[in-house]
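Below is one structure, written out as structure tokens, with a few remarks after it.
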Amino acid sequence: MSYLYDLFDDLISLLFPRLCYACGQHLLRNEKLICTECYVKIPRNTYHLEEGNPVEQLFWGRCKIERAAVFSFYNRDSRIRKLIHNLKYKGVQEIGIELGRIYGSMLADSRLLEGIDEIMPVPLHVSKKRIRGFNQSDLICRGLSEVTGLPVDYVSLQRITKTATQTKRSRFERWINVEGIFSVQDSAAVRGKHFLLVDDVITTGSTIESCANELLKYENVRVSVAAIAVAVT
53 MSYLYDLFDD LISLLFPRLC YACGQHLLRN EKLICTECYV KIPRNTYHLE EGNPVEQLFW
113 GRCKIERAAV FSFYNRDSRI RKLIHNLKYK GVQEIGIELG RIYGSMLADS RLLEGIDEIM
173 PVPLHVSKKR IRGFNQSDLI CRGLSEVTGL PVDYVSLQRI TKTATQTKRS RFERWINVEG
233 IFSVQDSAAV RGKHFLLVDD VITTGSTIES CANELLKYEN VRVSVAAIAV AVT
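Per our numbering: the sequence shown = residues 53 to 285.
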């Protein structure tokens, strides 16, 4: 019976090849979404263990972020860029969940999660979410939650203003573009909590800064930050 199942699986793979979303190579039977080679070769860092790491420094003097870290690095030819492209623009939603799981496993028992009450995704405007069909940060949060057991607050912070894409904007233009575009919908739900604010990619940090500043208006709120990648040149 197992032989017949394997034969059928091989036939399906021949007709509808399963390819790695990071490199495009054929996946082996026991591989899912990402091949073993790419899984191993995706560059990771130890920012979640380091106080004053480069991601935390990005927010110094801008807003009060307790701790911040990223899983990997985003540049033109990186595996992470290809994964996030397939997630956001090809609609392969399982990539977001899986990246969240992988990063959640790294973060277990780390300083980044100390005292965190809830995970919170950076929200998309409702019209953009309707067009795309999902918010990639929601999916990453779902994967993080599965591994860490932390609850996710998907609703308290909303994006109330639709903005143009941040791509190719300068740091100042990005900051202007996202200033005041987020709003807390339920103040009682956020007061006194320490949130882990989650996004897919941090470029200049302007979007995170805008989210954090809105949350920090409320009594005893603290914000830490996690993302799948930080943009590097």
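Built from N, CA and C at the ideal position, the CB exists for glycine as well.
The structure presented is a predicted model; accordingly, all values stated were derived computationally and were not measured.
Could you compute how far the alpha carbon of Glu108 sits from the alpha carbon of Cys75? 30 Å
Thinking C-alpha only, which one of Leu249, Met172, Gly244 and Ile192 is nearest Arg153? Ile192
Could you spell out where the alpha helix (DSSP H) holding Arg182 opens and where it closes? Val178 to Arg184
With a cut-off of 8 Å, do at least 3 Cβ pairs link the stretch 253–265 to the stretch 147–163? no
Assigned exposure category for Leu151 - 16 Cβ within 10 Å defines buried: buried
Apart from the five residues just before and just after Asn187, which ones in its own chain have a Cβ nearer than 7 Å to its Cβ? Pro173, Pro175, Leu176 and Lys181
Are Ile233 and Thr213 touching if we call contact CB-CB under 7 Å? yes
Express the C-alpha separation of Ala241 and Ser208 in angstroms, rounding to a whole number. 7 Å
Cβ neighbour criterion (16 or more within 10 Å) applied to His78: exposed
Inter-residue CB distance, Tyr99 and Ala281 (contact presumed, cutoff 8 Å): That belief does not hold up - the Cβ atoms of Tyr99 and Ala281 are roughly 11 Å apart, past 8 Å.
Going by alpha carbons, who is nearest to Lys134 out of Arg211, Val253 and Pro203? Val253
Find out if the Cβ-Cβ distance for the pair Ile147, Tyr73 is shorter than 7 Å. yes
DSSP three-state label for Lys142, please. coil
Label Leu164 either buried or exposed according to how many other C-beta atoms from any shown protein chain fall within 10 Å of its C-beta, with 16 as the threshold for buried. buried
Since Ile280 is in the beta strand (DSSP E), which residue starts that stretch and which ends it? Arg274 to Ala283
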